Amino acid sequence: MKYVIGLDLGTTSISTVAIEQSGKTLAAVNHAHEAAIKSEDDRVAVQSTDLMLQVSQKLIREIVQFVDCSPSAIGLTGQMHGFVCCDASGFAISDFITWQDKRVLASTDIEDETWLSALQKRLPENLQSRLGCQIRPGYALATLDMLNRSGQLQEKLHHISDITDWIGSQLTSTPARIDPTFAASWGVYNLQQKSIDQDVIRAAGLKPKWFPLLESNWKIRGTTTTQIAREWNLAEGVPVLTGIGDHSAAARATIENPENDLLMNVGTGGQIAWCTKDIQPTDEIEVRPFSENLLLNVGAGSTGGEAWFWFAESVQQWFQEMGVELSYTEVLERLNRLSQVPADINNIEPVYWEPFFQGTRNETSRRASISNIGRHNFNLSEMARGLLCGIVDSLYRVYKNSKNPLTDLKRLIVSGNYFEHHEWLAQYLAKRYRIDVVTPDFKEQSAVGAAMLAGREVFKNEDLWKHFPISYRTLAKSSHH
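Its first residue numbered 1, the sequence shown is counted upward by one per residue in UniProt numbering.
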């Protein structure tokens, strides 16, 4: 049997899928990696590379054992923006510093200056048109600059790697490389020149040699070594592809019609994305590399499922302060049930949330607000429902305010466990924005996107892999038809 594997190294879990040459999904496995390392500084967000590697190995072994033969290729994807410092041999000399790390917002020795604001002053004025984005907290360029200027980098630093590059180098013992999606998420990819922007790196005061070589087309980076084959239950010589960013991989797996499809993904965070041919970034929208002829507009929200879980923790704490002990799981289940009753059923005006508890990407000091509170809607049911709606509204608002919306928008594709837990949101979106709402008829979209790239590379004579079929399930129809 011939099949490919897609491995997704996420923020909280690792997923893998096996897809047969015919396009059939054979298996999908997901495990929490629990790799986050606690710190007294709440700005620090790092993860153990050893645990990430161990869980990846466990998943690959499980799926190969289930299929009962070694794959034809392995595609890699994972969380974007972060990096791990490596020595010349590719050995990790730091933890994996994730996209959630906000140490760049700490103050420098100069009054009213943070590491990030100091960096932004040194960067070119036309940065946004070159990169398609501004440099934000969590981006590798900013975090690496902070570590460098604060004297925290080791002398034996040879290069930095995204998480897929580091895993890929362990599997194949090949030199570091990076694809355009990860390079863009680091803040070093020039969209106009389609290359690593050496001028931006130098302006930041960093060494260009610390950044891997660019691999533009997700080609095979190498093959599994003898030792890896033995330890991971793989054949020797299995091709491993250069990694792709998880959001880009998910977009490839879920956007079927670039002219008509709007993608909203909500998990820990939230993003709304659509294809374009023009570089028109704004303070809220980044433009990222996508395919040979298309770019991807991405409105990456500062809110998502994490805000909902924080709200549940707060409610649990309120009960405790009143002397009522409820487990977090019980509070979450009750809030989920309470949120399902629409306000208009009881002729109650809805509560409106702007759920920016930790600011927005453009305004880090901005905070959340609640409005339209009256004497009849100030209850947990309406507060919960309002927050869930506010999270998706904040993302859709980014699209509506963009300079470059789709000229022929026909449907909203939703994905992520947020919509699995709150299926009624599809009806809300369809009614509020008068649009059909569908969801991919498969899970682990990022892992599937990575597997699609692997299949395209090793099954080149198969037409199916050139235009991989995507199936959807309709969640709600617009009443506008």
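Quick reminder that beta carbons are idealized off the backbone N, C-alpha and C, glycines included. Predicted model only: the values in this text are computed from it and were never measured.
Use the C-beta contact count for A92: other C-beta atoms within 10 angstroms, 16 or more gives buried, fewer gives exposed.
It is buried - the Cβ of A92 has at least 16 other Cβ atoms within 10 Å.
Write down the C-beta distance between E349 and S369 rounded to the nearest angstrom, noting that I regard them as a contact closer than 8 Å.
Rounded, the Cβ-Cβ distance is 16 Å, inconsistent with contact.
Rank L9, I74, V44, R61 by C-alpha distance to the C-alpha of K2 and give the top, closest one.
With distances taken between Cα atoms, K2 lies closest to I74.
What is the rounded straight-line gap between the Cα of F309 and the Cα of T226?
Spanning the two alpha carbons is a distance of roughly 44 Å.
Okay, do the segment 238 to 245 and the segment 154 to 173 touch, 3+ Cβ pairs below 8 Å being the bar?
As far as the Cβ criterion goes, the segment 238 to 245 touches the segment 154 to 173, which means the pair count is three or higher.
Is V17 near A451, with beta carbons less than 8 Å apart?
Yes. Within cutoff.
Just to confirm my understanding: we take K410, look at its own chain, exclude 5 residues before and 5 after, and list those with CB closer than 6 Å. What are they?
The residues are N260.
What is the DSSP secondary structure of P281, counted as helix, strand or coil?
It is coil, neither helix nor strand.
Assuming contact is defined by CB atoms lying nearer than 8 Å, are G23 and F468 in contact in what I supplied?
Taking 8 Å as the Cβ cut-off, G23 and F468 qualify as a contacting pair.
Do D101 and G151 have their beta-carbon atoms positioned less than 8 Å apart in this structure?
Cβ distance not < 8 Å, so G151 and D101 don't count as in contact.
Assuming C85 is part of the beta strand (DSSP E), what are its boundary residues?
That run of the beta strand (DSSP E) goes 84 to 86.
With contact counted as at least three CB pairs below 8 Å, one residue from each stretch, are the segment 292 to 300 and the segment 267 to 278 in contact?
Contact holds: three or more Cβ-Cβ distances are below 8 Å.
Return the chain-ordered ranges of every alpha helix (DSSP H) run that is complete within the segment 150 to 208 and spans a minimum of 4 residues.
163 to 172, 180 to 186, 198 to 203, all fully within the segment 150 to 208.
Just the C-alpha distance for S72 and E40, rounded to the nearest angstrom, thanks.
Distance between the alpha carbons of S72 and E40: 44 Å.
Can you give me the C-alpha to C-alpha distance between T172 and R221, rounded to a whole angstrom?
Distance between the alpha carbons of T172 and R221: 8 Å.
Which stretch, first to last residue, makes up the alpha helix (DSSP H) that contains Q320?
Taken as a continuous stretch (DSSP letters only), the alpha helix (DSSP H) holding Q320 covers 305 to 321.
With DSSP collapsed to three states, give me the class of N401.
Note: N401 maps to coil in three-state DSSP.
Beta strand (DSSP E) containing L262: first to last residue?
Start and end: 261 to 266.
With contact counted as at least three CB pairs below 8 Å, one residue from each stretch, are the segment 276 to 296 and the segment 322 to 329 in contact?
The segment 276 to 296 vs the segment 322 to 329: no contact.
With a threshold of 7 Å on Cβ separation, who are the neighbours of D408 within its own chain once the five nearest residues in sequence on each side are excluded?
Here the set comprises E259, N260.
With a threshold of 16 other CB atoms inside 10 Å of the CB of G90, please say whether the residue is buried or exposed.
G90 should be labelled buried.
For Y352, name the three-state secondary structure that DSSP assigns.
It is a strand residue.
Where does L406 fall in DSSP's three states?
Here L406 sits in coil by DSSP.
Decide yes or no for the touch test of the segment 7 to 15 against the segment 427 to 436: beta carbon pairs closer than 8 Å, at least 3 of them.
With the cut-off at 8 Å, the segment 7 to 15 and the segment 427 to 436 do not touch.
Using the beta-carbon count (16 or more within 10 Å), is S402 buried or exposed?
The residue is buried, with at least 16 neighbouring Cβ atoms inside 10 Å.
Give me the DSSP bridge partner(s) of T11.
In DSSP, T11 forms no bridge with anything.
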